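Note that the sequence shown covers residues 0 to 191 in numbering that gives the first Met the number 0. Below is one structure, written out as structure tokens, with a few remarks after it.
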Amino acid sequence: MDGAFLLPRPLATARSKTMANALLIIDMQTGLYDGPEHPFERERVLGTINQLILRARKAGAPIFVARHTGPAGSPIAAGSPLWQLWHGLEVDAARDHLFNKTRPSCFLGTELAQQLAAAQVDELVVVGMKTQFCIDTTCRVAVELGFSVVLPEDGHTCMDTPTLSAQAIIEHHNATLAGAFVKRVKALDIEF
Numbered sequence: 000m001d002g003a004f005l006l007p008r009p010l011a012t013a014r015s016k017t018m019a020n021a022l023l024i025i026d027m028q029t030g031l032y033d034g035p036e037h038p039f040e041r042e043r044v045l046g047t048i049n050q051l052i053l054r055a056r057k058a059g060a061p062i063f064v065a066r067h068t069g070p071a072g073s074p075i076a077a078g079s080p081l082w083q084l085w086h087g088l089e090v091d092a093a094r095d096h097l098f099n100k101t102r103p104s105c106f107l108g109t110e111l112a113q114q115l116a117a118a119q120v121d122e123l124v125v126v127g128m129k130t131q132f133c134i135d136t137t138c139r140v141a142v143e144l145g146f147s148v149v150l151p152e153d154g155h156t157c158m159d160t161p162t163l164s165a166q167a168i169i170e171h172h173n174a175t176l177a178g179a180f181v182k183r184v185k186a187l188d189i190e191f
């Protein structure tokens, strides 16, 4: 074969660990977490993310935290109550890297790529909300920019839509992104 075909990356097993050197948390904000429609398994996902935060912090890995920011006057305008990070998230604003974004990609219009490069990050764990928008887009763009991406299959969430349940959306994206775009693992199998 001439290498024209890409083989999917193997899934991590219970015996193997996946090493990463940064954590990216996306849109874990009050307006999404406590909004009129609650995310699927939100307490479990929050607990998973908080465990990853603790592991990253213990290992000295940088933590980047994105907040989706709407225009002035919108419910998620910068500084508004719904724009705030959810109070149950174990983020430390004094030492973690918080930044605002206005698009589904955490890279478009932000300094994230430069900050990751400055921190010598080459493999990034991506968690948060919403699976079908900012998680999906950020994973794909990160790979296009040359980063390896680890997606904990149990570390992202979304809400039901009129067409699909949140569980179906999450399962679909875990399967679709695995291989060519992300290394799909369970959060328990991630080390920093």
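Virtual Cβ for every residue (Gly too), placed ideally from N, Cα, C. Just so we're clear, the structure is a prediction, and the values are computed from it rather than from any experiment.
Next on the checklist: I'd like the span of the alpha helix (DSSP H) that includes H172, first residue to last.
Outcome noted: 165-176
Next item on the list: Determine the burial state of S73: buried for a count of at least 16 other Cβ atoms within 10 Å of its Cβ, exposed for fewer.
Entry: exposed
Is the beta carbon of S104 closer than 7 Å to that of V140? yes
- Query: Is the Cβ-Cβ distance between L51 and L22 less than 7 Å?
  - Reply: yes
C-alpha gap between E42 and G154, whole angstroms | Rounded to the nearest whole angstrom, the CA to CA distance from E42 to G154 is 11 Å.
query = Between which two residues does the beta strand (DSSP E) harbouring N99 extend?
reply = Residue range 96-100 is occupied by the beta strand (DSSP E) that includes N99.
* Pair within 7 Å by beta-carbon distance, C133 and V181 -> no
* In three-state terms, what does DSSP make of A116? -> Here A116 sits in helix by DSSP.
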